[in-house]
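Asker:
There are 2 protein chains.
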Amino acid sequence: MTAANTPGVMDPPASLRERKKLATRRLLRRAALDLVAERGLANVTVEDIAATADVSPRTFFNYFPSKEAALFGGDPDRAAVLRDRVARQAPGEPALDAVREVMSDDAEAMAAELRALGGDPADWLRRLKVARADPHLRAAQAAQMAMIERAVAEGLAARLGADPETDPYPGVLAAAAVGVVRACMTFWAGSGGTVALGQLIDLAFRALGDGLPEHSALRTSTGTGRKDVHR
Amino acid sequence: MTAANTPGVMDPPASLRERKKLATRRLLRRAALDLVAERGLANVTVEDIAATADVSPRTFFNYFPSKEAALFGGDPDRAAVLRDRVARQAPGEPALDAVREVMSDDAEAMAAELRALGGDPADWLRRLKVARADPHLRAAQAAQMAMIERAVAEGLAARLGADPETDPYPGVLAAAAVGVVRACMTFWAGSGGTVALGQLIDLAFRALGDGLPEHSALRTSTGTGRKDVHR
DNA sequence: ATGTAATCATGCAGAGGATGCAAGATTTTA
DNA sequence: TAAAATCTTGCATCCTCTGCATGATTACAT
Numbered sequence: 001m002t003a004a005n006t007p008g009v010m011d012p013p014a015s016l017r018e019r020k021k022l023a024t025r026r027l028l029r030r031a032a033l034d035l036v037a038e039r040g041l042a043n044v045t046v047e048d049i050a051a052t053a054d055v056s057p058r059t060f061f062n063y064f065p066s067k068e069a070a071l072f073g074g075d076p077d078r079a080a081v082l083r084d085r086v087a088r089q090a091p092g093e094p095a096l097d098a099v100r101e102v103m104s105d106d107a108e109a110m111a112a113e114l115r116a117l118g119g120d121p122a123d124w125l126r127r128l129k130v131a132r133a134d135p136h137l138r139a140a141q142a143a144q145m146a147m148i149e150r151a152v153a154e155g156l157a158a159r160l161g162a163d164p165e166t167d168p169y170p171g172v173l174a175a176a177a178v179g180v181v182r183a184c185m186t187f188w189a190g191s192g193g194t195v196a197l198g199q200l201i202d203l204a205f206r207a208l209g210d211g212l213p214e215h216s217a218l219r220t221s222t223g224t225g226r227k228d229v230h231r
Numbered sequence: 001m002t003a004a005n006t007p008g009v010m011d012p013p014a015s016l017r018e019r020k021k022l023a024t025r026r027l028l029r030r031a032a033l034d035l036v037a038e039r040g041l042a043n044v045t046v047e048d049i050a051a052t053a054d055v056s057p058r059t060f061f062n063y064f065p066s067k068e069a070a071l072f073g074g075d076p077d078r079a080a081v082l083r084d085r086v087a088r089q090a091p092g093e094p095a096l097d098a099v100r101e102v103m104s105d106d107a108e109a110m111a112a113e114l115r116a117l118g119g120d121p122a123d124w125l126r127r128l129k130v131a132r133a134d135p136h137l138r139a140a141q142a143a144q145m146a147m148i149e150r151a152v153a154e155g156l157a158a159r160l161g162a163d164p165e166t167d168p169y170p171g172v173l174a175a176a177a178v179g180v181v182r183a184c185m186t187f188w189a190g191s192g193g194t195v196a197l198g199q200l201i202d203l204a205f206r207a208l209g210d211g212l213p214e215h216s217a218l219r220t221s222t223g224t225g226r227k228d229v230h231r
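Quick note, the sequences are listed as chains A and B, same order. Mapping to my numbering: the first sequence position 103 is 103, numbers consecutive. Mapping to my numbering: the second sequence position 95 is 95, numbers consecutive.
(1) Consider the Cβ of residue 189(B): report whether some Cβ of chain A lies at a distance smaller than 8 Å.
(2) Check whether the Cβ atoms of residue 204(B) and residue 172(B) sit closer than 8 Å, and answer yes or no.
(3) Go through its chain and collect everything with a Cβ distance to residue 7(B)'s Cβ below 8 Å, but skip five positions before and after it.
(4) Could I get the ranges of all uninterrupted beta strand (DSSP E) runs contained in the stretch 19-58 of chain B, with 3 residues as the minimum, in chain order?
(5) Expressed to the nearest angstrom, what Euclidean distance is found between the alpha-carbon atoms of residue 152(B) and residue 206(A)?
(6) Taking the Cβ atom as the reference point for each residue, do residue 96(B) and residue 208(B) lie within a distance shorter than 8 Å?
(7) Output yes or no for whether 8 Å exceeds the beta carbon distance between residue 236(B) and residue 64(B).
(8) Mind the definition here: the stretch 153-167 of chain A touches the stretch 138-156 of chain B only if three or more C-beta pairs lie below 8 Å; say whether that holds.
(9) Taking residue 78(A) as the reference, which of 24(A), 120(A) and 146(A) has the closest Cα?
(10) Measure from the C-beta of residue 28(B) to each C-beta in chain A and report whether the shortest distance is under 8 Å.
(11) I'd like the list of long-range same chain contacts for residue 68(B), defined as Cβ closer than 6 Å, with 5 residues on each side in sequence excluded.
(12) Residue 52(B) and residue 71(B): beta carbons closer than 8 Å?
(13) With a cut-off of 8 Å, does the C-beta of residue 235(B) fall near any C-beta of chain A?
(14) Kindly indicate the opening and closing residues of the alpha helix (DSSP H) around residue 215(B).
(15) Can the beta-carbon of residue 138(B) be found less than 8 Å from the beta-carbon of residue 150(A)?
(16) Would you kindly work out how many angstroms separate the C-alpha atoms of residue 46(A) and residue 194(B), rounded to a whole number?
(17) I'd like to know whether the C-beta atoms of residue 182(B) and residue 37(B) end up nearer to each other than 8 Å.
(18) Determine the direct distance from the alpha carbon of residue 15(A) to that of residue 66(B), and round the result to whole angstroms.
(19) Going by beta carbon distance, what residues of the same chain come within less than 8 Å of residue 178(A), once the five residues before and after it are set aside?
(20) Write down the C-beta distance between residue 176(A) and residue 170(A) rounded to the nearest angstrom, noting that I regard them as a contact closer than 8 Å.
(21) Measuring only the C-alpha atoms, how far is residue 166(A) from residue 114(B)?
(22) Taking 8 Å as the threshold (beta carbon to beta carbon), is residue 63(A) in contact with chain B?
The following block contains the structure:
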């Protein structure tokens, strides 16, 4: 897969205005991650984030609808892209495989976005590990994922030709898949980025497809221990 | 299973103070459900809810930490109970079965709590169906479920003797299971309570255990169509 | 190059969510 | 019945988030 058709990896915009917008967007996100990592979400105000990024507090809300969105939120139209990809990815293949491919790409795109912020990604992840226990943070991430889950559910419904109103299957499948991805990302962040996220997600989806075997489902597959997930 | 050891179904407290507290708690919850159902979450303030329940706005926050908690929040110690039950339920059985039993009971307890509010539960569910599309509401429910998912993950880790820091499996299993239950509850609420929630959850877990078959996993099992889920 | 249109940053005002504190009312207990 | 514990309430306060107007910046067409 080349960079041209890799979703989430966007080429630098030619326009000056677009470049500036992307710059302040990353400044704000970086500021938010930095401050939350060292103080915790509750002790960081939007005013703090804006001041660190050298913009007015009002401008912050021109870029993110909420404080939490600066931490977790991706592109505004991310949901629509996911829905369409889930609906059309690899027609003929099992739905679970299609979702796995799309979500795996999406997770990698997220990691790439983090990498684009400039500093050492592992550095943030290590510091965020402290704040990770905050229930409010967990709730915020879950809320963000709810949007994605809805998009995936709609995409699945379209793919399977099902009516979400009368058929619970698309919703159930989407919930399981997105939940698994989120758990993998949480584990990945908790490990400080020392595990291969894509590989972990693949293993988790294999476990899903195999019926969630009793324990050690994420260890076997290739070798003996769970080291096959670590780099 | 008798009422004595059925969690979530608590006997009426003897104390006058406890009875009053439970009464206003239900009054507040009912008021919140009523108002949100007819106006939408964005057009209902805490002041409105408090006024409808005939208490001061400040008192509302003595019962619920947030507006959304009045809609979805259960007992404050619900998470701890779930964690312990998941850890100890049916030792020897597969973890997925244990989670299914615990979550099924929990869902039924939630439905029972709704029934205890006094009016017709199907009535609220029918009206809530309109508000169900609100992204903010979905996010709030996901945030609530994040707490439960964490509790289930901890219970699973204890049950399987796994370390959540180095083993992603408990988190992944909990995310899939809780996500599936939430999807079932959403579908159940969307149907206006016209489907058997416990049966739907059982079917969904069977699909999980069978590896999420390609479509129609929630139809087969017993008969031909998906009618076996409807009452 | 210059004027015009589109877009963006900012300040201001304001509604609403949420918490801490203290005083008064109610229930429990001795 | 008095004291202790607990609950309700009002008040002050901080924070999140939105709408609106204004000036600044960028884009575009002539």
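By construction, the Cβ of each residue, glycine as well, lies at the ideal position given by its N, Cα and C atoms.
Answerer: Based on what the coordinates show:
(1) No, residue 189(B) lies away from the interface with chain A (no Cβ there is under 8 Å from its Cβ).
(2) Cβ atoms of residue 204(B) and residue 172(B): not closer than 8 Å.
(3) Because the pLDDT of residue 7(B) is 47, which lies under 50, any placement of that residue in the model is unreliable, and the question is left without a value.
(4) DSSP runs (the beta strand (DSSP E)) wholly in the stretch 19-58 of chain B: none.
(5) Rounded to the nearest angstrom, the two C-alpha atoms are 21 Å apart.
(6) Against a cut-off of 8 Å, the Cβ pair of residue 208(B) and residue 96(B) comes out as a contact.
(7) Limits of chain B in this structure are 1 at one end and 231 at the other, which puts residue 236(B) out of reach.
(8) Because the criterion of three Cβ pairs below 8 Å is not met, the stretch 153-167 of chain A and the stretch 138-156 of chain B do not touch.
(9) Comparing Cα-Cα distances from residue 78(A) to each of 24(A), 120(A) and 146(A), the minimum goes to 146(A).
(10) Not one chain A Cβ lies under 8 Å of residue 28(B).
(11) For residue 68(B), the CB contacts under 6 Å within the same chain, skipping 5 residues up- and downstream, are 140 in chain order.
(12) Taking 8 Å as the Cβ cut-off, residue 52(B) and residue 71(B) do not qualify as a contacting pair.
(13) Outside the displayed range of chain B (1 to 231) lies residue 235(B), so it cannot be described from this structure.
(14) From DSSP, residue 215(B) is part of no alpha helix (DSSP H); its letter is neither H nor E.
(15) Cβ distance < 8 Å, so residue 138(B) and residue 150(A) count as in contact.
(16) It is roughly 44 Å from the alpha-carbon of residue 46(A) to the alpha-carbon of residue 194(B).
(17) For the pair residue 182(B) and residue 37(B), the CB atoms are not nearer than the 8 Å cut-off.
(18) Here the alpha carbons of residue 15(A) and residue 66(B) stand approximately 43 Å from one another.
(19) Result list for residue 178(A): 103, 145, 148, 149 and 152, in chain order.
(20) Contact flag wrong, Cβ pair sits at about 11 Å.
(21) Linking residue 166(A) to residue 114(B) through their CA atoms gives a straight-line distance of about 23 Å.
(22) Interface annotation, residue 63(A): not in contact with chain B, CB-CB separation never under 8 Å.
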